[in-house]
Ligand SMILES: [Zn+2]
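Numbering (the working numbering), first residue to last: 239 to 551.
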């Protein structure tokens, strides 16, 4: 049990829920708590710190927070998030004043990438690119073994333009990468397929409710050709985008997380094929592995906990 004496508290403040976990030095979760995301800005400032207070014990040495949005990591401020309430929430200041423990704050995809690099699918690699297919596309880099944030906001890869004049994105621009390959896009494809094929498997799996991405991926996994074709289109765009990222940064491995990655090789094989066709000189360089994330929905709390631990070093 000695390795569990020193713990950190990892907190994942996501777009729909928040999760808290005691994390040990190996990145193992010792205990875990999940609850809905606060609905107002005032609650976003007050609730996470009070839940954290209730979870403190003498073994905990530091707190790490991964938040869904733009984070100013040096000061520990959540500047803005498209799916979280509140603006410029000074989490680091709030937590350190209230709880008296060193607290670090980072973007949620960044900490997930750190978790995959340290104890997940990219363990042992020094140059890692993490792509998360959530509602949009999140990105995170580990370069030379360290999380890379640029001036602060590196990793917002979903908003790289891939089609000038393409579909309007939630960010206000047109043709962003995530308008072609994301959970939101797959949800749209599910609705379209159910509308054009009301007797098809996607519509059946939705059971009269609104068709969502999970119904499309479910149909694809059951072999439905329309659903497979739709996912292959998403994989095509995903591979094109990854090729751009690899051309720029040449990571040793690319980790793909998020719900659709659970479709596994059916989806990733098509992504790898598109990537290979899109990457400059791919016949003349070692293939870059594109693998599924290992830590699934726990990556955020584990990464937040590990980030807190590393900040003490
Ligand atoms: Zn955009």
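The C-beta atom is built at its ideal place from N, Cα and C for all residues, glycine as well. Please read these numbers as outputs of a predicted model, since none were measured by experiment.
Look at which beta carbons fall closer than 6 Å to any heavy atom of ligand 1; those residues are 397, 407, 409, 411 and 414. In the three-state DSSP reduction, residue 365 falls in the coil class, being neither helix nor strand. Pairing residue 306 with residue 246 gives a Cβ-Cβ distance that is not under 7 Å.
Going by beta carbons, residue 478 and residue 492 fall outside the 7 Å limit. Inter-segment contact for the region 483-497 and the region 517-537 is present: three or more beta-carbon pairs are separated by less than 8 Å. If you draw a straight line from the Cα of residue 330 to the Cα of residue 519, it comes to about 45 Å. DSSP places residue 422 inside the alpha helix (DSSP H), whose first and last residues are 421-434. In the three-state DSSP reduction, residue 259 falls in the strand class (E or B). Leaving aside the five residues that flank residue 360 on each side, the residues in its chain whose CB is nearer than 6 Å to its CB run, in chain order, 354, 366, 491 and 493.
In the three-state reduction of the DSSP assignment, residue 491 falls in the strand class, which pools E and B. With distances taken between CA atoms, residue 268 lies nearest to 539 out of 343, 539, 511 and 548.
Under the three-pair Cβ rule at 8 Å, the region 421-440 counts as touching the region 448-456.
Here residue 337 has 287, 290, 291, 294 and 301 as same chain residues with Cβ atoms under 8 Å from its own Cβ, once five neighbours each way along the sequence are excluded. DSSP places residue 310 in the strand class (E or B) of the three-state scheme.
Here DSSP, grouped into helix, strand and coil, assigns residue 272 to strand. Counting along the chain, residue 397 sits inside no beta strand (DSSP E), nor does DSSP assign it H or E at all. Contact check for residue 259 against residue 270 passes: the beta carbons are separated by less than 7 Å. Under the 10 Å beta carbon count, residue 547 is surrounded by 16 or more other beta carbons and is classified as buried. In the structure shown, residue 454 adopts helical secondary structure according to DSSP, grouped into three states.
Beta-bridge partners of residue 267 (DSSP): 261. In this structure, residue 385 sits near residue 348, with a CB-CB distance shorter than 7 Å. For residue 299, the enclosing beta strand (DSSP E) has its first and last residue at 298-305. In terms of Cα proximity to residue 466, the closest of 486, 509, 488 and 485 is 509. Residue 378 sits in a strand when the DSSP states are folded into three classes. As the crow flies, the alpha-carbon of residue 409 is around 14 Å from that of residue 418. When the alpha-carbon of residue 514 is set against those of 473, 281, 254 and 551, the nearest one is in 473.
By alpha-carbon distance to residue 484, the top candidate from 381, 424, 423 and 458 is 381.
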